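Visitor:
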Amino acid sequence: MTDRGAGGVGTGRTGGGAVDGAGTAPGPGGAVPAGPGPVADGGAVRARTPLPAVAMVVGAAVSVQLGAALAVRLMPRTGPSGVVALRLAVSAAVLLAVCRPRLRGHTRADWGTVVVFGVVTGLMNNLFYQAAARVPLGIAVTLEVLGPLALSVLASRRLINLLWAALALTGVVLLGVTGGSRAQSAVGGTGSGGLDPVGVAFGLGAGVMWALYIVFSVRTGRRFPQADGLALAMAVAALLSLPLGVAAAGPRLVVPSTVGLGAAVAMLSTVLPYTLELVALRRLPAATVAVLMTLEPAIAALAGFLVLRQALSATDALAVAMVIAAGMGAVRTRAVRQRPPRCGKRPGVRDA
């Protein structure tokens, strides 16, 4: 679930995300500083795009969606809440061990920010997996990505972004009208009653949480060094999700094979993509990363087809493509807006 600033659209969440104009890309659970990458003043970037870094971003997106597909496979054993509990618990344990965040020296406002960030992260994951249990994975991700897209459109305040919003809305309406023609359950079975409205509601709710996730990931990144905020927020999300997972799955949650699969979901959906994105952001313009992350709905649809046998109809694929195009348009519009003047003047850096 990939985020992750208000400057663009990405994945996440479930992994993945949006990248703001200041060069910050919140990863699957926290703000990832772009580091000494090719980011110029004002958020503009002038650098060549190395193919290995592009491959890392695409690989991160593939990892996130394969993790989501594996999570759907695990749901018959634990339910969506059990999968979320396992994923967040393992992710928190790994990140706390690696980052070893400092607990002293933070203000009450710092802790309030990271706690809210953790709550939002937990809700985003729970809502997304509830959606993925009811509608095809590609459609669930498409619905979720509307949150950061809406945030990007609102933050840009440009008339052209109304066009991108209208394009995305058309795609969603198309999904709602025709998505029932070949609707499928989470494990690949074919249904006949259209898209599950509860699943659609969960997907849209996950999108709202993703938009809030973007806001609080940036705020957390400003208050905590390195990935400390990410690790602490993930721990909060895990603590909140564990009771729900235990209630849903009971003893099945600690079956060794189930724990192993849950750990694989955590590595694929959080740890591996976070690492790849962190390295890539030191080599790529932030806007390039954001554009690449808009491909996640398509990658999710492909993962759903290959792993879960969830084949979308041609109309559904067109609807997903509309949302992807809207995301790319919104990201590129914001990138052009933030490009500094060619005369060499150095505009002041403005927070996203």
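Straight run, no breaks: the sequence shown in our numbering ends on number 361.
Glycine is no exception: its CB is placed at the ideal position from the N, C-alpha and C atoms.
On a predicted model such as this, the values are computed, not experimentally measured, just so you know.
Can the beta-carbon of residue 133 be found less than 8 Å from the beta-carbon of residue 289?
Guide: The answer is no: Cβ separation not under 8 Å.
Visitor: For the ligand PLP, is there any heavy atom lying closer than 7 Å to the beta carbon of residue 153?
Guide: You won't find the ligand PLP in this model; it holds no ligand whatsoever.
Visitor: I need the DSSP call for residue 90, collapsed to helix, strand or coil.
Guide: Residue 90 falls in the helix class under three-state DSSP.
Visitor: Which of the three DSSP states is assigned to residue 28 in this structure?
Guide: Per-residue confidence for residue 28 stands at a pLDDT of 35, beneath the threshold of 50, marking its modelled position as unreliable; no derived number is given.
Visitor: If the criterion is Cβ atoms closer than 8 Å, does the pair residue 220 and residue 160 meet it?
Guide: It is a contact, given that the beta carbons lie within the stated cut-off.
Visitor: Using the Cβ count rule (16 or more neighbours within 10 Å means buried), how would you classify residue 61?
Guide: By the neighbour-count rule (16 or more Cβ atoms within 10 Å), residue 61 is not buried but exposed.
Visitor: I need the DSSP call for residue 252, collapsed to helix, strand or coil.
Guide: Residue 252: helix per DSSP, three-state reduction.
Visitor: Identify whether residue 214 lies in helix, strand or coil by the three-state DSSP scheme.
Guide: In the structure shown, residue 214 sits in a helix (DSSP, three-state: H, G or I).
Visitor: Where do the ends of the alpha helix (DSSP H) carrying residue 205 lie?
Guide: Counting along the chain, residue 205 falls outside any alpha helix (DSSP H), and DSSP gives it neither H nor E.
Visitor: Buried or exposed: residue 85, going by 16 or more other Cβ atoms within 10 Å of its Cβ?
Guide: By the 10 Å Cβ count, residue 85 comes out exposed.
Visitor: Please list the segments of the alpha helix (DSSP H) lying wholly inside the region 243 to 307, counting only runs of 4 or more residues, in order along the chain.
Guide: Runs found: 265 to 275, 281 to 289, 295 to 302.
Visitor: Helix or strand or just coil, what does DSSP make of residue 68?
Guide: Correct three-state label for residue 68: helix.
Visitor: Assuming residue 250 contacts residue 97 under a Cβ cut-off of 8 Å, what Cβ separation, rounded to an integer in Å, is found between them?
Guide: Their Cβ separation, rounded to whole angstroms, is 5 Å, which keeps residue 250 and residue 97 in contact under 8 Å.
Visitor: By alpha-carbon positions, which one of 59, 75, 151 ends up nearest to residue 279?
Guide: Ranking the options by Cα distance to residue 279, first place goes to 75.
Visitor: To the nearest angstrom, how far is the alpha carbon of residue 247 from that of residue 308?
Guide: Taking the straight line joining both Cα atoms gives about 27 Å.
Visitor: To which residues of the same chain is residue 155 closer than 8 Å at the C-beta, ignoring the five residues directly before and after it?
Guide: Contacts found: 177, 181, 213, 216, 332.
Visitor: Between which two residues does the alpha helix (DSSP H) carrying residue 117 extend?
Guide: Residue 117 -> alpha helix (DSSP H) spans 117 to 141.
Visitor: Does chain B have any CB closer than 8 Å to the CB of residue 159?
Guide: Among the chains in the structure shown there is no chain B, since it carries only a single protein chain.
Visitor: With a 10 Å radius around its C-beta and 16 neighbouring C-beta atoms as the bar for buried, classify residue 329 as buried or exposed.
Guide: Residue 329 comes out buried.
Visitor: Given 8 Å as the limit, is there contact between the region 115 to 133 and the region 229 to 245, that is, 3 or more CB pairs closer than that?
Guide: Touching, yes, given that three or more Cβ pairs across the two stretches are closer than 8 Å.
Visitor: With distances taken Cα to Cα, identify the nearest neighbour of residue 218 among 100, 137, 310.
Guide: It is 137.
Visitor: Just to confirm, is the Cβ distance from residue 342 to residue 148 under 8 Å?
Guide: No, the Cβ-Cβ distance between residue 342 and residue 148 is not below 8 Å.
Visitor: Quick one: Cα of residue 118 to Cα of residue 111, how far?
Guide: Their backbone Cα atoms lie some 16 Å apart in a straight line.
Visitor: When the Cα atoms are used, what is the spatial distance from residue 142 to residue 171?
Guide: Answer to the nearest angstrom: the Cα atoms are 32 Å apart.
Visitor: What number of angstroms, rounded off, separates the C-alpha of residue 293 from the C-alpha of residue 68?
Guide: Cα to Cα, the separation comes out at about 14 Å.
Visitor: Under 6 Å Cβ to Cβ from residue 174, same chain only, skipping five residues before and after it: list those, please.
Guide: Here the set comprises 162.
Visitor: Below 7 Å CB to CB, which residues in the same chain sit around residue 158 once its five sequence neighbours on both sides are set aside?
Guide: Correct list, in chain order: 18, 177, 335, 336, 339.
Visitor: Using the three-state DSSP reduction, which class does residue 61 fall into: helix, strand or coil?
Guide: Residue 61 falls in the helix class under three-state DSSP.
Visitor: In this structure, how does DSSP classify residue 76 when only helix, strand and coil are distinguished?
Guide: Helix.
Visitor: If the criterion is Cβ atoms closer than 8 Å, does the pair residue 319 and residue 211 meet it?
Guide: Result no, Cβ atoms of residue 319 and residue 211 do not sit closer than 8 Å.
Visitor: Below 6 Å CB to CB, which residues in the same chain sit around residue 89 once its five sequence neighbours on both sides are set aside?
Guide: 138, 139, 142, listed in sequence order.
Visitor: Taking C-beta to C-beta, are residue 83 and residue 312 nearer than 8 Å?
Guide: Not closer than 8 Å, so no.
Visitor: For residue 114, count neighbouring C-beta atoms within 10 Å of its own C-beta (all shown protein chains included) and say buried if the count is 16 or more, exposed if not.
Guide: With fewer than 16 other Cβ atoms within 10 Å, it is exposed.
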